[in-house]
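Enquirer:
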Amino acid sequence: MTSSVKPFTNPIDLQTLHTKPRSLWSDAIRRLRRNYAAMAGLVIICLYIVVAIAAPLLAPFNPVQQIPNNSLRPPAWVTDNPARMGVPEHLLGTDTLGRDVLSRLLYAIRVSLIVGIVPQFAILLIGITIGLVSGFAGGWLDNLLMRFTEIVAAFPDLLFIIALSTAFRETWLGRTFNGLLLIFVAVSLVSWTGIARLVRGQVLSLKEKEFIEAARAIGTPAPAILWRHILPNTLAPIIVSTSFSIPALISTEAVLTILGVGMRPSVDPDNPFPTSLGVMLTEGYNNLSSGPWLLSFPVILIAGLMLSFTFLGDGLRDALDPRER
Amino acid sequence: MTAYILRRILWNVPVLIIVGFVTFGIAKLTPGGPFDTQPERRQLSPRVEAILRERFGMDLPFWRQFTRYMFFDIVTDPRTGETKIQWGAIAGNLGPTYTSRGARTVQQELFEGTPSRPSKFYYSARLGLQALAFAVVFGIPLGILAALRQNTWLDYLLSFSSTIFVALGTLITSLILVIVFAVILNWFTVIPDWSDPVKPWILPTVALGSTSMAFIARLTRASVLEVKRQDYIRTAQAKGLAGQVIVWRHMLKNALLPVVTVLGPALAGLITGTLFVETIFQVPGMGRTFVDAIGKRDYSMIMAGSLIYVFFLGIANLLVDIAYGVLDPRITYK
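Quick mapping for you: the protein sequence lines, in order, are chains V and L.
The first sequence begins at 382 in our numbering and counts up by one.
The second sequence begins at 26 in our numbering and counts up by one.
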């Protein structure tokens, strides 16, 4: 009874009062670390990244090396067919041209990771800029930018990407980096609308907050308010949305390649990026009856990659937005 | 309300025109033309090609070609000398296809069929509607079930599997279905036999609908949980209403409202999904035709693909908005 009347005389309470308050970010990291699914996702993503970087060291064969009389070998543990047996050298079998599937997969992860991550920079740059300007400026500029966003969002995006990829396939843009640069550009041009709308919504609600009013009252110039005060507060939803957008892009590359307008597989033995999971899915799908493992392994790898990013994204959302829990 | 609907419909017109313009621009920028995609195997004599170029107006300036396709053109009959207005896409005339050398129009190519050989539109529309029905019929009850059994193993299982389906997306789900049911279990053939009215439809429907189903289930669950916490539910429980009555009368009616809004994005996903689901399951529908048209430089078919998708998306979103307004009297449109 008495202790609750005079709490501040209690030395333990005094100590708690003096501890440094935890920031939003360190709090979020604490919450994220307690989320096992998200941590598992993060670990698996790190594994993928390590494999992608170390592919030349890990791969038992050159990924484009065609070994004669060695085509369509099943995985090493399939030994029931004496005419075509799995051999231990080719752990996951060989494809129609006698190339080692495991080596190709290791290199394919590289390209798929790049395809998922690199266009995000362009998407974020366009989306954040348009969202910030639109939400902060308001008025006719906001109206104009949002109408523009609406029209771009109305585009049948996959059809647009396919058309763009076909149109510039034979130009320098379509040849650079095995056609990947063109995919980056095409995907970035239509995928920024979600981020723009998200940032605009955040800016609109932040604009009315007291701390922005205070910054304006002491004469902070508008660019500084945007850069120092508004942008950092929109970061949490942007991070969450990006982690969901990465698996979507990885799957878009695969869709484009299956439809025949994606990445061009390389036959150059020195090419560091000879194939992608999308290319391997396509090759596997085309040889479905003769070699089902050619489709199964890339499907497992791409599914693992996409699931990891999604679980990490779910965890980030829960960690960064405590209201949602 | 009427003014709102009218404005929404009118807004779709500039969107269609701009999408049409950009598509036309990209299509025309694409190197090669509809009659010389493979120069080494040229089947046309120069004289025939000149006639075709004249017929399709391919030597006109770019903007004239565009307005001619999109809006109208004034044509003079060479025999009678009469001039008349020939309406374009804006009036529903999607033009003759280049692949048929102008013998068949896009409308005939897409919408004309016989009972024994259904049209391409029939395949795509049926696949899309089946997938939507599948998504709604399974998604909503599963979501309700998960919410009513919140924090039980059933809830965790359903939530976990819906996360997985949403994460994998339509493409990977399709490929997994092919591997499991067509290759390993051998229940379906990889090359479908479309004379069978049921069997070849099952896999593509499930593949196309599963992502939307998981999405709908997730939203339904969240929405039911939200309603469950409301005061009026506690009131209903306090006055001793039976559990069943509370669930059906008070909870679901309010909980299912937000689910209507997700149908718009779900439809968009279904429509783009048909592009590659039709390729993977070899459905002879519109999606595959549009993708092929890009390779063949069939400008009319490319334009038709873009315009038809934007048109259906606009209609679908409008219907969703109207349905939401009708179902929820609190919402008024200005």
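The C-beta atom is built at its ideal place from N, Cα and C for all residues, glycine as well.
(1) Name the two residues that bound the continuous alpha helix (DSSP H) containing I99 of chain L.
(2) Give the list of continuous alpha helix (DSSP H) stretches no shorter than 4 residues that lie fully inside the region 572–624 of chain V.
(3) Consider the Cβ of F315 of chain L: report whether some Cβ of chain V lies at a distance smaller than 9 Å.
(4) Short of 7 Å Cβ to Cβ, which residues in the region 34–54 of chain L face chain V?
(5) So with CB distances below 8 Å, who are the chain L contacts of M687 of chain V?
(6) Tell me whether N524 of chain V is buried or exposed, calling it buried when 16 or more other Cβ atoms sit within 10 Å of its Cβ.
(7) Just the C-alpha distance for N37 of chain L and A329 of chain L, rounded to the nearest angstrom, thanks.
(8) With 16 as the cutoff for other CB atoms within 10 Å, does N559 of chain V come out buried or exposed?
(9) Hey, how far is the Cα of G467 of chain V from the Cα of I209 of chain L?
(10) Listed from N- to C-terminal order along the chain, which residues in the region 271–304 of chain L have their beta-carbon within a distance smaller than 7 Å of any beta-carbon of chain V?
(11) Pick out whichever of L:I76, L:I258, L:Q307, L:L196 has its Cα sitting closest to the Cα of P225 of chain L.
(12) Using a cut-off of 8 Å between C-beta atoms, extract the partners of D538 of chain V located in chain L.
(13) Grab me the residues of G298 of chain L's own chain with a C-beta within less than 6 Å of its C-beta, minus the 5 sequence neighbours each way, in chain order.
(14) At 9 Å on the CB atoms, spell out the chain V contacts of I327 of chain L, in chain order.
(15) Does the Cβ of Y123 of chain L have 16 or more other Cβ atoms within 10 Å, making it buried, or fewer, making it exposed?
(16) Going by Cα to Cα distance, which pick from V:T691, V:S677, V:M687 is closest to V482 of chain V?
(17) Would you call the CB atoms of R698 of chain V and V621 of chain V closer than 9 Å?
(18) State buried or exposed for T383 of chain V, treating a residue as buried only when at least 16 other CB atoms are found within 10 Å of its CB.
(19) Three Cβ pairs or more, each shorter than 8 Å: is that satisfied between the region 625–634 of chain V and the region 478–498 of chain V?
(20) Using the Cα positions of K264 of chain L and S186 of chain L, report the straight-line distance between them to the nearest angstrom.
(21) If the cut-off is 9 Å on Cβ atoms, which residues from the region 194–228 of chain L count as contacting chain V, listed in chain order?
(22) Determine whether the Cβ of S626 of chain V lies closer than 9 Å to any Cβ atom of chain L.
(23) Taking only beta-carbon positions, decide if T552 of chain V is within less than 9 Å of chain L.
(24) Determine which residues of the region 325–352 of chain L have a Cβ less than 8 Å from any Cβ of chain V, and write them out in chain order.
(25) Who are the neighbours of G320 of chain L on chain V, taking C-beta pairs under 9 Å?
(26) Applying a beta-carbon distance threshold of less than 7 Å, which residues of chain V neighbour P143 of chain L?
(27) Is the CB-CB distance between P290 of chain L and I532 of chain V below 9 Å?
(28) Please classify Q307 of chain L: does DSSP put it in a helix, a strand, or coil?
(29) Consider the Cβ of I30 of chain L: report whether some Cβ of chain V lies at a distance smaller than 9 Å.
(30) For the region 169–193 of chain L, which residues have a beta carbon sitting closer than 7 Å to at least one beta carbon of chain V?
(31) Output yes if chain V places a C-beta closer than 9 Å to the C-beta of P56 of chain L; else output no.
(32) Where are the beta strand (DSSP E) runs, 3 residues long or more, that stay fully inside the region 108–141 of chain L, in chain order?
(33) At which residues does the alpha helix (DSSP H) containing W226 of chain L begin and terminate?
(34) For the region 658–688 of chain V, which residues have a beta carbon sitting closer than 8 Å to at least one beta carbon of chain L?
(35) Strictly under 9 Å for the Cβ-Cβ distance: is R706 of chain V near chain L by that measure?
(36) Could you tell me the distance, in whole angstroms, from the CA atom of Y148 of chain L to the CA atom of A75 of chain L?
Expert: In this structure, then:
(1) Looking up residue 99 of chain L in the second sequence gives position 74. Under the DSSP assignment, I99 of chain L falls outside any alpha helix (DSSP H), being part of the beta strand (DSSP E) whose first and last residues are 97–101.
(2) The DSSP assignment places complete alpha helix (DSSP H) segments of no fewer than 4 residues inside the region 572–624 of chain V at 574–588, 591–598, in order along the chain.
(3) Locating residue 315 of chain L in the second sequence gives position 290, where the first residue counts as 1. The beta carbon of F315 of chain L falls within 9 Å of a beta carbon belonging to chain V, placing the residue at that interface.
(4) For the region 34–54 of chain L, which is checked against every Cβ of chain V, the residues closer than 7 Å are V40, I43, V44, T48, I51, A52, L54.
(5) Position 306 of the first sequence, counted from the start, is the residue given in the question as residue 687 of chain V. Going along chain L in sequence order, the residues near M687 of chain V (Cβ under 8 Å) are A192, L193, G194, I197.
(6) Along the first sequence, read from residue 1 onward, the residue named residue 524 of chain V stands at position 143. Result: exposed.
(7) Here residue 37 of chain L refers to the residue found at position 12 of the second sequence. Here residue 329 of chain L refers to the residue found at position 304 of the second sequence. When only Cα atoms are considered, N37 of chain L and A329 of chain L end up about 16 Å apart.
(8) Here residue 559 of chain V corresponds to residue number 178 of the first sequence, with the count starting at 1. That one is buried.
(9) By 1-based counting over the first sequence, the position of residue 467 of chain V is 86. By 1-based counting over the second sequence, the position of residue 209 of chain L is 184. As the crow flies, the alpha-carbon of G467 of chain V is around 19 Å from that of I209 of chain L.
(10) Of all residues in the region 271–304 of chain L, T297, L300, F301, T304 have a Cβ within less than 7 Å of some Cβ in chain V.
(11) Along the second sequence, one-based indexing puts residue 225 of chain L at 200. Looking from the CA of P225 of chain L, the closest CA among L:I76, L:I258, L:Q307, L:L196 belongs to L:Q307.
(12) Translated into the one-based positions of the first sequence, residue 538 of chain V becomes position 157. Correct list: T297.
(13) Position 273 of the second sequence holds residue 298 of chain L. Excluding residues within five positions, the ones whose Cβ falls inside 6 Å are T195, L233.
(14) For this step, residue 327 of chain L is matched to residue 302 along the second sequence. Contact annotation for I327 of chain L against chain V: L540, A544 [CB-CB distance below 9 Å, chain order].
(15) Indexing the second sequence from 1 puts residue 123 of chain L at position 98. Here Y123 of chain L is buried, its C-beta having at least 16 other C-beta atoms within 10 Å.
(16) Within the first sequence, residue 482 of chain V is the residue found at index 101, counting from 1. Here the closest residue by C-alpha is V:S677.
(17) For the purposes of this step, residue 698 of chain V is identified with residue 317 of the first sequence, where counting begins at 1. For the purposes of this step, residue 621 of chain V is identified with residue 240 of the first sequence, where counting begins at 1. Cβ distance < 9 Å, so R698 of chain V and V621 of chain V count as in contact.
(18) Locating residue 383 of chain V in the first sequence gives position 2, where the first residue counts as 1. Because T383 of chain V carries a pLDDT of 47, less than 50, the predicted location of this residue cannot be relied on, and no value is offered for it.
(19) The region 625–634 of chain V vs the region 478–498 of chain V: in contact.
(20) Translated into positions along the second sequence, residue 264 of chain L becomes position 239. Translated into positions along the second sequence, residue 186 of chain L becomes position 161. Looking at the two C-alpha atoms, the distance is approximately 37 Å.
(21) Correct list: G194, T195, L196, I197, L200, I201, V203, I204, A207, V208, I209, V215.
(22) Looking up residue 626 of chain V in the first sequence gives position 245. Put simply, the CB of S626 of chain V is far from chain L, with every gap to its CB atoms at 9 Å or more.
(23) In the first sequence, counting from the first residue as 1, residue 552 of chain V sits at position 171. By this cut-off, T552 of chain V is an interface position.
(24) Answer in chain order: I327, G330, S331, Y334, V335, L338, G339.
(25) Within the second sequence, the letter at position 295 stands for residue 320 of chain L. Neighbours of G320 of chain L in chain V, taken as residues at a C-beta separation under 9 Å, are given in chain order as T547, G641, V642.
(26) As a position in the second sequence, residue 143 of chain L is number 118, starting the count at 1. Per Cβ cutoff of 7 Å: no residues; P143 of chain L is ~23 Å from chain V at best.
(27) Position 265 of the second sequence holds residue 290 of chain L. Position 151 of the first sequence holds residue 532 of chain V. It is not a contact, given that the beta carbons lie outside the stated cut-off.
(28) Here residue 307 of chain L refers to the residue found at position 282 when the second sequence is read from its first residue. Of the three classes helix, strand and coil, the one that applies to Q307 of chain L here is coil, per DSSP.
(29) By one-based count along the second sequence, residue 30 of chain L stands at place 5. With 9 Å as the cut-off, I30 of chain L does not count as an interface residue toward chain V.
(30) When CB distances to chain V are screened at a threshold of 7 Å, the residues of the region 169–193 of chain L falling below it are T188, I189, A192, L193, in chain order.
(31) As a working note, residue 56 of chain L is residue 31 in the second sequence. Chain V, which has a Cβ nearer than 9 Å to the Cβ of P56 of chain L, makes this yes.
(32) Taking only runs of at least 3 residues, the beta strand (DSSP E) segments lying wholly in the region 108–141 of chain L are 108–112.
(33) In the second sequence, residue 226 of chain L corresponds to position 201, counting from 1. Counting along the chain, the unbroken alpha helix (DSSP H) around W226 of chain L starts and ends at 224–253.
(34) So the list reads L662, Y666, L669, S670, P673, L676, S677, V680, I683, A684, M687, L688, given in the order they occur along the chain.
(35) On the first sequence, position 325 is the one that residue 706 of chain V refers to. Note on R706 of chain V: pLDDT 41, under 50, position unreliable in the model; the coordinate value appears next. Cβ-Cβ to chain L under 9 Å: no for R706 of chain V.
(36) Residue 148 of chain L sits at position 123 when you count from the first residue of the second sequence. Residue 75 of chain L sits at position 50 when you count from the first residue of the second sequence. One C-alpha to the other measures close to 36 Å.
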